[in-house]
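Worksheet for the structure shown next.
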């Protein structure tokens, strides 16, 4: 009403309306446009209260969008996650049954998630032990259900609260090539963790999919006035009032709405001269936050309505009045009136099914936070009692409520049931999270720990065990007296499995050996533990000790067990024997069947392809390795064994490095270096990036995920990281290859002592274990380092030991390395003709594998030996062939080095111009040659400058240019390279050199 004609008191509005949708016309047009061109992924982001949900709802109300059967789900802010809970709950509400849907047998996977549909769903398929395969099958089944329901638009709100399984499912949906379903996701960007899978969805649009990102910002003053007016019967709001409120609410729609309602409750809104205005500025205070506004508004309601609000804040989901009555402890008739009051206040809203909930999560949180802790616990306990009456029981929500109620016993029961449900659904990661919480809580019951530990799917938790709290919790229980021998063995064996699958081999072996005495009645577990102790990478045992464990395991394997278990033991035995260079391993591998009848059996065959293929690669049987790995990869892809798939891919990449198949290799290994939660895959990929970068001189990018993990850096940084990780994890064979590569770098720089030190550990490991196959990668550089360090006796003894260790064995790669060592030894001792012959045999041996890079390195050495022996023509021809070979392979640094050596040997070689000012290319200029020859006499830069009548700065520049041309970074390394290239120190009188003192 207007002011009365006689100047009466302005009228305060009796109530306010729900605000109209204002200020988002452009955003609404973009959202509707994207949904009109399916498939699309629409990301709606903005801070809390900015209007994301309202925008989506307005779009869904459009007839064209509504015709596509949108399905809307909300991610709750619960710590405990039910497998795919938001999508499952939304589907359950949308369909009372699935009897009329055309579902395939795949849908049987959904039985654990929808027990009430049991009579209509197909039978459950056999469980899969591979976490990746199980999860992928579950995703396929749920996607099939949504397709059968005709869902054309899937809306998921508050995705910043989504559990990992739900995020991965969204990624799966977005990547389907044949999909027509659009996704609409709302989230607060400030609440999304950097490592969240949501970041991958938002940063990697799929080809053929519309990708729209809508960022909602604050309302301006006119938009604020329009929103306020819509709440006040559409009547005009003064510009001063709108500006005042916009400034104090930062233009956040929810804050504006809450402020208008609060001002109404306070009677601070008045109508004067035909428009709504505020009282004077001195008379009004707008709460600084939405929470403050909600708290003040709630406090103005009746005590009964406040009790209902508190119950609703604890439930944090839409519920009927009966549930609110049960949780709040109020009679139904009282609750009904209180709910009406709360809805009229605008704090609660009611859906079409008559269920009520807070209209916004911020309001719910504000009420929750101002509820006294004892009341909160009592309300959570009431929520637990009420939800237990539902069918099926919402086990994840029950676990949440009982945890918050402080009822540890009930929390344990429902958390374990939620983990069981996740395992039955194939969602191993969610199960791991729940079991991890159960196992690491303070003072868990010992018997329960034994049960929980055995449920832990070890192939799915790489990221958790490394934190230490899980292994610490298990060891605390093991150190106590509460477990029976059987329980103790089960927990210790499972701990060994956990450590093994995260690469903590030494620690795993220790736990398994301690478990053996209590495994007498479990032949498979005992045989598995013995096989693990027989695995060479796990400990520093000798090959003989490993063989004794393997033989004990073979005896245990004769006892009753399943065919799949026996198959697993055969794979383990073959792998360990081949790791030791034992020919018997090939005969054991031949026992593996061509196929299996169960998913577990097929996984074991895929694992056999990986392990035996890797062994064939280490032996130098490269064609056989590729065939085995390719077959294993096909099995892994067919059955969705994601972990095995990634491990086979990185092993194939390593094989490509060895065989010279370098085209596109950099990109493949960069992607693998970013594989999450698979440290062994990451480390192997990182090693290959470093080796490839060193040879090609290119900047192999380890990938964005790898950079996020801190694995980028120089070649030496990456090699050192792999070396240190192998030493830290106790994987005794992992450090061998990076140590060899680092030693080569140090030896090329002239740091023989460091090269010797780097290969000391690998040499000790090989000698102690008596597994000389493992010397393949580091033996040649160790021989050269010992000679350069003036330790010829040790070099001769090392080569003799290597020859004895390989005698009578058919190990092609190790035999080629032995011939290289013999060449290095003869070269270092001045026996040039013998060196040339040995290097010639090495070239042939490496080429036979084929391993072209090592063959070219041996050919380069042969050429220098021929030159030293006086066979100039053959030596120069060999150098030319080596340079051409390095160039064709892509080993630019090596090609450049050989090019310089040819020039230094006096061969006229055409320079390859790479752009810029033409000069001497990779050949030393006459002035540079003068400077380096004086440097070889031991003179310092100032002394060289005085001798040549140049400035010290010029000499430094000339020496730096020479280092660049030779691909080295120090004067010592330059001196070594110059000497190898045949450049001699300056002779005669160095008049003017004088002393630097």
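Residue numbers (the numbering used here): 84 to 1080.
Virtual Cβ for every residue (Gly too), placed ideally from N, Cα, C.
If you run the structure through DSSP and keep just helix, strand and coil, what is residue 488?
-> Assignment of residue 488 by DSSP, reduced to helix, strand and coil, places it in the helix class.
Can you give the Cα-Cα distance for residue 788 and residue 768, rounded to whole angstroms?
-> Its pLDDT being 40, under 50, residue 788 is placed unreliably in this model, and the coordinates cannot settle the point.
Supposed contact pair residue 599 and residue 609 - C-beta distance, whole angstroms, cut 8 Å | 6 Å
How should residue 336 be labelled, buried or exposed, when 16 other C-beta atoms within 10 angstroms of its C-beta is the threshold for buried?
-> By the 10 Å Cβ count, residue 336 comes out buried.
Taking Cβ to Cβ, would you say residue 553 is nearer than 8 Å to residue 522?
-> yes
State yes or no: is the C-beta of residue 431 within less than 8 Å of the C-beta of residue 395?
-> Taking 8 Å as the Cβ cut-off, residue 431 and residue 395 qualify as a contacting pair.
Could you pull out every residue in the same chain whose Cβ sits closer than 8 Å to the Cβ of residue 304, ignoring the five residues on either side in sequence?
-> 322, 325, 326, 329
Pick out the complete alpha helix (DSSP H) segments inside the stretch 437 to 514, 4 residues or longer, and give them in chain order.
-> 444 to 453, 456 to 470, 478 to 488, 491 to 508
Alpha-carbon to alpha-carbon, residue 485 and residue 467 = C-alpha separation (whole angstroms): 6 Å.
Please report the residue range of the alpha helix (DSSP H) in which residue 588 lies.
-> 588 to 598
Can the beta-carbon of residue 915 be found less than 8 Å from the beta-carbon of residue 952?
-> yes
From what residue to what residue does the beta strand (DSSP E) around residue 124 run?
-> Its beta strand (DSSP E) spans residues 123 to 128.
Nearest-angstrom Cα separation, counted from residue 407 out to residue 442 = 16 Å
Specify the secondary structure class of residue 100 as computed by DSSP and reduced to three states.
-> coil
Start and end of the alpha helix (DSSP H) containing residue 955?
-> 955 to 972
Contact set for residue 748: own chain, Cβ-Cβ below 8 Å, skip 5 residues either direction | 736, 739, 740, 771, 775
Cβ shell of residue 618 (< 6 Å), same chain only, five flanking positions each side left out = 659
Go through its chain and collect everything with a Cβ distance to residue 121's Cβ below 6 Å, but skip five positions before and after it.
-> 263, 265
Helix, strand or coil for residue 315, going by three-state DSSP, please let me know.
-> Coil, per DSSP.
Flag this pair as touching only if the stretch 495 to 502 and the stretch 516 to 533 have three or more C-beta atom pairs under 8 Å; answer yes or no.
-> yes
Secondary structure at residue 783, three-state DSSP: helix, strand or coil?
-> Bear in mind that a pLDDT of 41 at residue 783, under 50, signals an unreliable position, so the number given afterwards is only what the model happens to contain. The answer is coil: DSSP assigns residue 783 none of H, G, I, E or B.
Same chain only: Cβ atoms within 7 Å of residue 733, ignoring 5 sequence neighbours per side = In chain order, 755, 764, 767, 768 place their CB closer than 7 Å to the CB of residue 733, counting only its own chain and leaving out the 5 sequence neighbours on each side.
Length of the line joining the Cα atoms of residue 1044 and residue 867 | 27 Å
Closest to residue 567 by CA distance: which of 576, 452, 590, 529 is it?
-> 529
Is the stretch 231 to 244 touching the stretch 267 to 274, taking contact as three or more C-beta pairs under 8 Å?
-> yes
Check whether residue 99 and residue 343 have beta carbons under 8 Å apart | yes
Say whether the stretch 154 to 163 touches the stretch 301 to 320, bearing in mind that this needs 3 or more beta-carbon pairs closer than 8 Å, one atom from each stretch.
-> no
Reference residue 109; option with closest CA among 149, 297, 200 = 297
Hey, how far is the Cα of residue 478 from the Cα of residue 133?
-> 33 Å
Where residue 693 falls, given that 16 or more other Cβ within 10 Å makes a residue buried | buried
Buried/exposed call for residue 101, threshold 16 Cβ in 10 Å = Per the 10 Å Cβ criterion, exposed.
Say whether the stretch 899 to 917 touches the stretch 850 to 866, bearing in mind that this needs 3 or more beta-carbon pairs closer than 8 Å, one atom from each stretch.
-> yes
Give the single residue among 491, 574, 555, 504 whose Cα lies nearest to the Cα of residue 532.
-> 574
Since residue 508 and residue 894 are thought to touch, with beta carbons under 8 Å apart, how far apart are those beta carbons, to the nearest angstrom?
-> Their Cβ separation, rounded to whole angstroms, is 47 Å, which puts residue 508 and residue 894 out of contact at 8 Å.
Report yes if the C-beta distance between residue 809 and residue 817 is below 8 Å; otherwise report no.
-> yes
Cα-Cα, which of 922, 970, 968 is closest to residue 947?
-> 922
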